[in-house]
Amino acid sequence: MMRVEQHPILGPLNTEVVRFQFNGKDYEGRNGESIASALLANGVRTLRYSEEKNEPRGIYCGIGHCYECRVTVGSKRSIRACMTEIQEGMKIESQGG
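The opening residue of the sequence shown carries number -5 in my numbering; numbering runs sequentially from there.
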């Protein structure tokens, strides 16, 4: 897992574990982090596939401007993974593909 546990300025980061699913597979994240951060820390790079050419898309801007990280959370489509906090038991699916 690729995760910063200790930050040189912020000190130790939150270690409270949150369990969630992405495309039917179980993962763990940290309380307070975004869906995008949790997926990146677990090695997931492709979050969805483009509508026109079915090309893989992942995190691009990380601040909610580009909409490349849209996922489906529960029954809600086009949720920006970089702007949405991960929650215990969340079921997330990639879009397209």
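Beta carbons are placed, not taken as given, at the ideal position from N, Cα and C, and that holds for glycine.
Option nearest residue i by Cα separation, candidates the options
| i | options | result |
| --- | --- | --- |
| residue 41 | 12, 60, 16 | 16 |
Residue i classed as buried or exposed, judged by whether at least 16 other C-beta atoms fall within 10 angstroms
| i | result |
| --- | --- |
| residue 69 | exposed |
| residue 39 | exposed |
For residue i, the three-state DSSP class (helix, strand or coil)
| i | result |
| --- | --- |
| residue 31 | helix |
| residue 51 | strand |
| residue 86 | strand |
| residue 78 | coil |
| residue 67 | strand |
| residue 26 | coil |
| residue 6 | strand |
Residue i vs residue j beta-carbon contact at 8 Å
| i | j | result |
| --- | --- | --- |
| residue 63 | residue 75 | yes |
| residue 36 | residue 21 | yes |
Could you say if the stretch 23 to 35 and the stretch 71 to 84 meet the contact criterion of at least three C-beta pairs nearer than 8 Å?
Cβ pair count under 8 Å is three or more, so yes.
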